[in-house]
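Residues -27 to -1, 1 to 127 in mature numbering (1 follows the signal peptide of the UniProt record, and there is no 0) are what the sequence shown spells out, letter by letter.
Virtual Cβ for every residue (Gly too), placed ideally from N, Cα, C.
Model, not experiment: these values are computed from the prediction.
What follows is a short report on a single structure.
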Amino acid sequence: MLRSLLRHATVTVVCSGLLWSAVPAHAQSAHYTRRPHTVPSARWADRATDAYRALQTSLCQGPDAHGLYLERTPRRAGDPEHSYLWPMREATAAAVDMQQLPNTGQDHRQDAAERFDTVELYSGPGDRPGYQSYLPAPWDRAATSTTTTTLWWA
């Protein structure tokens, strides 16, 4: 019994020693001591502006389509006429985030307000409030511009 207890204690001490010695050697490697390359905030702002501009020029359908977005570009046969709610929500979040940029943020306040108005087009009919994943009628493909305009201003 004493022998097995001694063997168990020895194995535990040896394993613990190996673990303790391995951690400092790993922590001192050159891979972990190198500092990450930092990017200036002005560069991040430029990247955000470029990405937002690409979103607006490539996917936004403009005021004639009530500020709705395409699902993807280039459009293919069978694609929906407008984006589903989730991409529209992401475009809205992007407009809100653009307001936080220094020097140019105030330029995006109107965009954010327009995105929120456009998201309301996805609200579902009926007694229970909520949003549809795709535009409810008459905004779907069967809608005509006259019907859409009439309902838009009603």
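When the options are compared against residue i, the one with the closest alpha-carbon
| i | options | result |
| --- | --- | --- |
| L41 | D19, A27, A64 | A64 |
| T86 | A110, R49, E44, H39 | Looking at the sequence shown, residue 86 is not Thr but Ala. Comparing Cα positions, the closest option is H39. |
| residue 128 | C33, Q72, D90, G99 | The shown model of the chain, from -27 to 127, leaves out residue 128, and the question about it has no answer. |
| R45 | D70, S56, E93 | S56 |
| P36 | Q105, G99, R88, D100 | R88 |
| D90 | M61, R20, R49 | M61 |
| A24 | R48, D70, G51 | D70 |
| V92 | A21, Y104, G51 | Y104 |
| Q34 | A66, R48, T22 | R48 |
| T22 | L32, A50, T77 | T77 |
Proximity below 7 Å, CB of residue i to CB of residue j
| i | j | result |
| --- | --- | --- |
| L58 | A18 | no |
| D80 | A68 | no |
| residue 128 | P111 | Past the boundaries of the shown model lies residue 128; the chain is included only from -27 to 127, so the question cannot be answered. |
Residue range of the unbroken alpha helix (DSSP H) whose run includes residue i
| i | result |
| --- | --- |
| P60 | 58 to 71 |
| V92 | 82 to 92 |
| Y95 | No alpha helix (DSSP H) contains Y95, which DSSP labels as neither H nor E. |
| A21 | 14 to 31 |
Whole-angstrom C-beta distance between residue j and residue i, which should lie under 8 Å
| i | j | result |
| --- | --- | --- |
| Y95 | P53 | Their Cβ separation, rounded to whole angstroms, is 13 Å, which puts Y95 and P53 out of contact at 8 Å. |
* Asked: Any contact of the segment 25 to 40 with the segment 8 to 16, i.e. 3+ C-beta pairs under 8 Å?
  -> Output reads no: the segment 8 to 16 does not touch the segment 25 to 40.
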